[in-house]
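Colleague: Using the working numbering, read the sequence shown as starting at 1 and increasing by one per residue. Glycine residues also receive a C-beta, built at the ideal position from the N, C-alpha and C atoms. Remember, predicted model here, so these are calculated numbers, not experimental data. The structure that follows is given in the form of structure tokens.
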Amino acid sequence: MRNVNAQTITEAVLARQSNTADPRLKRIMTSLVKHLHEFAREVELTEEEWFGAIEFMTRCGNITDDKRQEFILLSDVLGLSMLIVAQNNDKPAGCTEATVFGPFHVEGAPHYELGADIANGARGTPCEVRGTVRGSGGEPVAGAQIDVWQSDADGLYDVQHPAVDHAQARGILNADSEGRYHFRSILAVPYSIPHDGPVGDLLKATGQRPWRPAHLHFLITAPGFETLVTHVFRSDDPYLDSDAVFGVRQSLIADWKQQPDGSYLVEYDFVLNPSA
Ligand code: BEZ
Ligand code: FE
Numbered sequence: 001m002r003n004v005n006a007q008t009i010t011e012a013v014l015a016r017q018s019n020t021a022d023p024r025l026k027r028i029m030t031s032l033v034k035h036l037h038e039f040a041r042e043v044e045l046t047e048e049e050w051f052g053a054i055e056f057m058t059r060c061g062n063i064t065d066d067k068r069q070e071f072i073l074l075s076d077v078l079g080l081s082m083l084i085v086a087q088n089n090d091k092p093a094g095c096t097e098a099t100v101f102g103p104f105h106v107e108g109a110p111h112y113e114l115g116a117d118i119a120n121g122a123r124g125t126p127c128e129v130r131g132t133v134r135g136s137g138g139e140p141v142a143g144a145q146i147d148v149w150q151s152d153a154d155g156l157y158d159v160q161h162p163a164v165d166h167a168q169a170r171g172i173l174n175a176d177s178e179g180r181y182h183f184r185s186i187l188a189v190p191y192s193i194p195h196d197g198p199v200g201d202l203l204k205a206t207g208q209r210p211w212r213p214a215h216l217h218f219l220i221t222a223p224g225f226e227t228l229v230t231h232v233f234r235s236d237d238p239y240l241d242s243d244a245v246f247g248v249r250q251s252l253i254a255d256w257k258q259q260p261d262g263s264y265l266v267e268y269d270f271v272l273n274p275s276a
């Protein structure tokens with residue numbers, strides 16, 4: 001095809017892709033091209049703006065390494081990560097809701113006995129976490145594997161601390177035969193997502209703030225149940241309604257109660273969805 005214009009270019013590209021063998025890929029690419037072209041026409045994208053976007057993506061690539069994933073961060077602040085979580089984790093009422101995974105999970109965190117202190121030297125106010133893991137029929141999920149991770153009093157995960165070379169405030173535990181779990185750690189505090197790169201510039205330019213409300217991350221697995229990726233948030237957090245990555249769900253908010261000795265206690269019961 002020759003002499004394409006701003007309208008006919010879309011059909012030309014779709015025709016060029018028409019031999020895509022994989023039907024799923026064909027559906028995705030067709031829709032992507034249609035929406036991308038429509039977006040450029042709708043905003044009357046200029047050549048300077050198009051090149052600005054290329055430079056922005058290049059900066060995202062350049063700042064990404066094994067400790068930092070700027071593209072996921074971009075997806076998070078655009079609400080795409082939460083959209084994908086929401087449309088792929090429709091669970092029956094009563095099951096614990098899922099939320100974003102985030103970039104700070106580490107494969108192979110240390111295993112701990114129930115009751116252990118997973119802070120492992122991380123700075124923060126002591127906090128005990130306890131609860132149960134049950135199936136949607138109320139049955140205890142004996143031995144459920146609980147992978148938990150959180151930031152410290154400075155709002156940093158261990159992997160973000162240049163001086164920390166071992167796991168802190170993260171660990172893996174197994175629920176007991178009654179599905180109960182408990183461990184000691186530190187109080188979760190609000191923190192800002194990394195905002196010293198292109199995503200931070202985007203937040204600033206669009207009048208947004210980088211704060212996430214205080215939370216613990218959980219990845220819970222057990223045979224016969226869907227994997228649950230979720231958080232537990234603090235009910236007294238000022239950022240619950242302005243989470244930079246749109247991850248807050250009312251059902252994931254718990255009261256973190258201060259104890260007479262100044263430490264905190266939070267209790268949260270998880271309900272897993274049986275796998276299909
Ligand atoms: C987190 O909660 O660890 C997180 C989630 C999304 C972006 C950055 C951090
Ligand atoms: Fe987090």
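Can you list, in chain order, the stretches of the beta strand (DSSP E) that have 3 or more residues and sit fully within the stretch 94 to 135?
Modeller: Correct list: 126 to 135.
Colleague: Regarding F218 and ligand 2, is the C-beta to nearest heavy atom distance less than 8 angstroms?
Modeller: No, the beta carbon of F218 sits no closer than 8 angstroms to any heavy atom of ligand 2.
Colleague: Rounded to whole angstroms, what's the CA-CA distance from V129 to V266? Just pull it up for me.
Modeller: When rounded, the distance between both Cα atoms is 5 angstroms.
Colleague: Compute the Euclidean distance between the alpha carbons of Q250 and R27, then round it to the nearest angstrom.
Modeller: Rounded to whole angstroms, Q250 to R27 spans 35 angstroms at the Cα level.
Colleague: Just jot down, in chain order, the residues whose CB lies closer than 5 angstroms to any heavy atom of ligand 1.
Modeller: Listed along the chain, these residues meet the criterion: D76, G102, F104, I193, V245.
Colleague: Could you spell out where the beta strand (DSSP E) holding T227 opens and where it closes?
Modeller: Taken as a continuous stretch (DSSP letters only), T227 belongs to no beta strand (DSSP E), as it is neither H nor E.
Colleague: Could you name the residues that DSSP lists as bridge partners for N174?
Modeller: BP columns for N174 point to Q145.
Colleague: Under 8 angstroms: does the beta carbon of S151 sit that close to some heavy atom of ligand 2?
Modeller: Yes, Cβ of S151 sits closer than 8 angstroms to a heavy atom of ligand 2.
Colleague: Measuring only from the beta carbon, is H215 closer than 8 angstroms to any heavy atom that is part of ligand 3?
Modeller: Within the structure as shown, ligand 3 is missing, the only ligands being ligand 1 and ligand 2.
Colleague: Answer yes or no: do N273 and K91 have a C-beta to C-beta separation smaller than 9 angstroms?
Modeller: Yes, Cβ-Cβ distance for N273 and K91 is below 9 angstroms.
Colleague: Measure from the alpha carbon of A277 to the alpha carbon of each residue in F218, F101, L202, E113, then state which is nearest.
Modeller: No answer is possible for residue 277: the residues shown for the chain start at 1 and end at 276.
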